[in-house]
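Novice:
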Amino acid sequence: MQLILHFQSQPVLAKQSLCFSYPFVKTKTSLPSNLFAPKSPIFTIPLSRYHQIQTHNPILCARKNKRRNGSQRLTRLLLQLMPAIVSNFKILPQPLDLVVEEFCSGDGSGGRKSLLLFLLYGVLVICGLGLLFGGDVESNVLFCGLGFGLSGVAMVQWLDKIGIFAIFFGGVLLSRLVDFCTNSEARDLGYAKKVFQQISQPSVYIWNSMIRGYSNSENPVESLIMYREMLQRGYLPDNFTFPFVLKSCSVIADYRYGKCVHNCIVKTGYGLEVYGSTCLLRMYASCADMESALKVFDIIPKWNVVAWTSLISGFVNNSRAIEAIKVFKDMELHNVQPNEITMVHVVVACARSRDIDTGKLVHSRIRQLGFDPFGSSFNFNVVLATALLDMGSVQQMAQKNLVTWNSMISAYNQYGWAEEAIDLFSDMRIAGFVPDQTTFLGVIGACAQLGALAFGRSLHSYVSKTSMCKDTTIGTALVDMYAKIGDAGSARRIFENLQKKDVMAWTSMIICLATHGHGMEALHIFRKMQEDASVIPDQITYIGVLSACSHIGLVEEGQRHFASMVNLYGIKPTADHYCCMVDLLSRAGRFDEAMRLLEEMPIQPNVAVWGALLNGCEIHENVDLADQVRRYITEMEPHGSGVYVLLSNIYARAGRWQEVNRVRELMKNRNIAKNLGHSSVEMELLSS
DNA sequence: CTAGGGTTAG
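Going letter by letter, the first sequence gives residues 1 to 688 in full-length UniProt numbering.
1) Using a threshold of 7 Å, state whether the C-beta atoms of Trp308 and Met290 are closer than that.
2) Is Gln395 helix, strand or coil when you go by DSSP?
3) Taking 7 Å as the cut-off, decide whether the C-beta atoms of Gly544 and Ala514 are in contact.
4) Which residue comes first and which comes last in the alpha helix (DSSP H) that contains Gln232?
5) Can you have a look at Thr439 and say buried or exposed, based on whether 16 or more other CB atoms are within 10 angstroms of its CB?
6) Provide the residue span of the alpha helix (DSSP H) that contains Cys579, from first to last.
7) Taking the C-alpha atoms as reference points, what is the distance between Phe315 and Phe374?
8) In three-state terms, what does DSSP make of Gly486?
9) Let me know the secondary structure DSSP gives Leu568 once reduced to three states.
10) Nearest to Ile485 by alpha carbon, out of Leu450, Gln499, Leu459?
11) Compute the Euclidean distance between the alpha carbons of Gln157 and Leu177, then round it to the nearest angstrom.
12) Which class does Thr473 belong to by DSSP, given the choice of helix, strand or coil?
13) Quick one, which of Ala418, Met391, Gly416, Phe380 has its alpha-carbon nearest Lys400's?
14) Rank Arg656, Trp207, Ser277 by C-alpha distance to the C-alpha of Gln232 and give the top, closest one.
15) Please name the residue in Cys181, Met230, Phe242, Gly234 whose C-alpha comes closest to that of Ser217.
16) Go through the segment 377-422 residue by residue and report every complete run of the beta strand (DSSP E) that reaches 3 residues or more, in order.
17) Taking Cβ to Cβ, would you say Ile366 is nearer than 7 Å to Met343?
18) Note down, in chain order, each residue of its chain lying with its Cβ closer than 7 Å to the Cβ of Phe433, except the 5 sequence neighbours on either side.
19) Is the segment 597-604 touching the segment 623-631 in the sense that three or more CB pairs, one from each, lie closer than 8 Å?
20) For Asn615, name the three-state secondary structure that DSSP assigns.
21) To the nearest angstrom, how far is the alpha carbon of Asn88 from that of Cys260?
22) Taking the straight line between their C-alpha atoms, what separation do you get for Gly392 and Met636?
23) With respect to the alpha helix (DSSP H) encompassing Leu597, which residues constitute its N-terminal and C-terminal limits?
24) Compare the beta carbon distance of Thr541 and Thr507 with 7 Å and say whether it is the shorter of the two.
25) Taking Cβ to Cβ, would you say Gly611 is nearer than 7 Å to Val643?
26) Taking the beta carbon of Glu273 as the centre, do at least 16 other beta carbons fall within 10 Å, making it buried, or is it exposed?
27) Which residue comes first and which comes last in the alpha helix (DSSP H) that contains Lys247?
28) Using the three-state DSSP reduction, which class does Trp207 fall into: helix, strand or coil?
29) In terms of residue numbering, what span does the alpha helix (DSSP H) encompassing Trp308 cover?
30) Taking the Cβ atom as the reference point for each residue, do Ala349 and Ala321 lie within a distance shorter than 7 Å?
31) Go through its chain and collect everything with a Cβ distance to Arg653's Cβ below 8 Å, but skip five positions before and after it.
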């Protein structure tokens, strides 16, 4: 079976034909199957801007055209095809010097025929046919076809120019090949590396291709290793090298390496290059050093949109949204026209700083600039739209992508509308979107809120069958979900199986144990966490630790942890921490200390803190203190019913019914209704 | 062959 493709829309190409034949694929099983199975089942070959061939398992048997004038076109075509073909077959080219040697050792004076033979042989060597498939007759035949076809074209073009021939294949083709397998859609960096290793003296361009490929890969560290090797072997990086290297530094946030690269940029004189310096800015911003980022900004030779936008995004991503907005205003003063990307960052800045007024101004500026995705049906920018959606200035979106769905699900979660979040999840699946890690983070969180046991478990089992099961964020969400559902055992198992445990993972486990009444175990986990030098407890960790202490009544231990939180880790205690401490002390009946702590508090005690104190008063029937607390509470703004109920319970217990009535009056006057308690349990229905 | 974009667990 043979398929001949004619290119008809382009007059010159119309005369050309390429044969794509399939015979060996379907009938012969002797061929290694992976040979014909590239990453995607459909193989797309870009022929020109207007032509694309989509085919399964193509084998090229290029045929030389009879008419000479078409050959140049076909050569170019083949040049475009070669990387695709060679990389599809995972053929390793031979080192250039080896090829050159082949040519030089031939009889230079020979006639045309022997020259042709040499050329043919050269191409075969380059394709490394014997190297990979020597034993297989069918594939040899096949590759002979390939080799012959290629050489046929090459012969016409380069018949008398052996020197050029060598450069042509050594320089251009290998560059194209490396480019193709590092940066095309069907890239394969493992193969790229092998090809690269065949090149004895890679040009800077090829180095750059490799570094770029790795910088966009899963392991950007590889690009840094590549870069180091480049320097060690005495190659001089150029202005293209630095952006790629710096991108890797940014992605993995390697501050020290980034600074070394900065040094190198300065030394090689590319420090004042627009691209390079903008990348430097981003690198410092990614490494959370905004001060250096600002210094770099100052030396950027031209403050264009990208430079400004990078600075804005730096502030946004370092939780300095207000400064980001300031920079944006500055940019407007400098009369630099913002683009959609700029506005995305500014919108995020408004959302993060909860600055609704500026948010409205920004939205109208977006309209003014003509970027508003909701202003007209064309020019719909999903990213900007999602950012606006997240800021809350949009209710409905007609066009959604994965991130939009995720954003909506998490927004519903934050409003506490867990059921709606789950509904949205099923809508999204009906709409044909494949949920990703962020989606699951949201839906698992919704299950945690709802206590949706069965659905939560099904999510868990789904996730464990994917690569997400190793992910720390997913694991943490699951730990929290099981904790909230009441299944501390499952939470524990997931936690133990986590390969990497970060602060959040440890913290969620500690809080889980503390809330399930396993205070000792929670503290044990905390000690294990402290043994791990790679994690530093933060304020939320200490909420768990302190509440664990308070559950088991370890006052001194709690006080020690509180002190080390402040002195060792420099964490400023929040109202929640004081709440824990007051709870700890007043449960133990140590009211003097509790009151002293309250007086020393540098922040205003909130209702929860008073509530904790009242809780202790109830346990120890300390009505006098409760009286004092009542005075504070009545001075405060009206709030939830909790403290009033506590107060009235305390008075009731002491038999002070008048006071009970006064508290109830107070509640009535302040229009506070007692919250209805509710809980839900999911039950399995057993049949027969 | 080069720089900047939305969602994200405790």
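A virtual CB, placed ideally from N, CA and C, is assigned to each residue, including glycine.
Specialist: Reading it off the structure:
1) Within the first sequence, residue 308 is the residue found at index 308, counting from 1. Within the first sequence, residue 290 is the residue found at index 290, counting from 1. Cβ atoms of Trp308 and Met290: not closer than 7 Å.
2) Along the first sequence, read from residue 1 onward, the residue named residue 395 stands at position 395. Reduced to three states, the DSSP call for Gln395 is coil.
3) Along the first sequence, one-based indexing puts residue 544 at 544. Along the first sequence, one-based indexing puts residue 514 at 514. Contact flag set, yes.
4) On the first sequence, residue 232 is found 232 positions in, with the first residue counted as 1. Residues 221-232.
5) Taking the first sequence and counting its residues from 1, the one referred to as residue 439 is at position 439. Under this definition Thr439 is a buried residue.
6) Counted from its first residue, the first sequence places residue 579 at position 579. Taken as a continuous stretch (DSSP letters only), the alpha helix (DSSP H) holding Cys579 covers 575-587.
7) Locating residue 315 in the first sequence gives position 315, where the first residue counts as 1. Locating residue 374 in the first sequence gives position 374, where the first residue counts as 1. Rounded to the nearest angstrom, the two C-alpha atoms are 27 Å apart.
8) Counted from its first residue, the first sequence places residue 486 at position 486. Coil at Gly486, not helix or strand.
9) Position 568 of the first sequence, counting from 1, holds the residue named residue 568. Coil.
10) Translated into the one-based positions of the first sequence, residue 485 becomes position 485. Among Leu450, Gln499, Leu459, the Cα nearest to that of Ile485 belongs to Leu450.
11) For the purposes of this step, residue 157 is identified with residue 157 of the first sequence, where counting begins at 1. For the purposes of this step, residue 177 is identified with residue 177 of the first sequence, where counting begins at 1. Caution is warranted here: a pLDDT of 36 is assigned to Gln157, below 50, making its placement in the model unreliable, and the coordinate value is therefore given only provisionally. Spanning the alpha carbons of Gln157 and Leu177 requires a straight line of approximately 20 Å.
12) The sequence position of residue 473 within the first sequence is 473, counting from 1. In the structure shown, Thr473 sits in a helix (DSSP, three-state: H, G or I).
13) For this step, residue 400 is matched to residue 400 along the first sequence. Put simply, of Ala418, Met391, Gly416, Phe380 the residue whose alpha carbon is nearest the alpha carbon of Lys400 is Phe380.
14) Sequence index remark: in the first sequence, residue 232 carries index 232 (1-based). Nearest C-alpha to Gln232: Trp207.
15) Indexing the first sequence from 1 puts residue 217 at position 217. Out of Cys181, Met230, Phe242, Gly234, Cys181 has the C-alpha closest to the C-alpha of Ser217.
16) Taken in chain order, the whole beta strand (DSSP E) runs of length 3 or more contained in the segment 377-422 number zero.
17) Residue numbering aside, residue 366 sits at position 366 when the first sequence is read from its first letter. Residue numbering aside, residue 343 sits at position 343 when the first sequence is read from its first letter. Yes, Cβ-Cβ distance for Ile366 and Met343 is below 7 Å.
18) Within the first sequence, the letter at position 433 stands for residue 433. Cβ neighbours of Phe433 beyond the five flanking positions: Leu402, Trp405.
19) Result no; under three Cβ-Cβ pairs closer than 8 Å.
20) The residue you call residue 615 lines up with position 615 of the first sequence. Assigned with DSSP and collapsed to three states, Asn615 falls in helix.
21) As a first step, residue 88 is located in the first sequence; it is residue number 88 there, counting from the start. As a first step, residue 260 is located in the first sequence; it is residue number 260 there, counting from the start. C-alpha of Asn88 to C-alpha of Cys260: approximately 38 Å in a straight line.
22) The residue labelled residue 392 in the question sits at position 392 within the first sequence. The residue labelled residue 636 in the question sits at position 636 within the first sequence. Distance between the alpha carbons of Gly392 and Met636: 31 Å.
23) In the first sequence, the residue the question calls residue 597 occupies position 597. It spans 591-600 - the alpha helix (DSSP H) in which Leu597 sits, taken as one unbroken run.
24) Indexing the first sequence from 1 puts residue 541 at position 541. Indexing the first sequence from 1 puts residue 507 at position 507. If you check the CB distance, Thr541 and Thr507 come in under 7 Å.
25) On the first sequence, residue 611 is found 611 positions in, with the first residue counted as 1. On the first sequence, residue 643 is found 643 positions in, with the first residue counted as 1. Cβ atoms of Gly611 and Val643: closer than 7 Å.
26) Locating residue 273 in the first sequence gives position 273, counting from the first residue. So Glu273 ends up on the buried side.
27) For this step, residue 247 is matched to residue 247 along the first sequence. Residues 241-252.
28) Position 207 of the first sequence, counted from the first residue, corresponds to residue 207. In the structure shown, Trp207 falls within a helical segment according to DSSP collapsed to helix, strand and coil.
29) If you number the first sequence from 1, residue 308 lands on position 308. Segment 305-317, the alpha helix (DSSP H) holding Trp308.
30) For the purposes of this step, residue 349 is taken as the residue at position 349 of the first sequence. For the purposes of this step, residue 321 is taken as the residue at position 321 of the first sequence. Going by C-beta atoms, Ala349 is nearer than 7 Å to Ala321.
31) If you number the first sequence from 1, residue 653 lands on position 653. If we look at Arg653 and ignore the five residues flanking it on each side, its Cβ neighbours are Glu618, Glu621.
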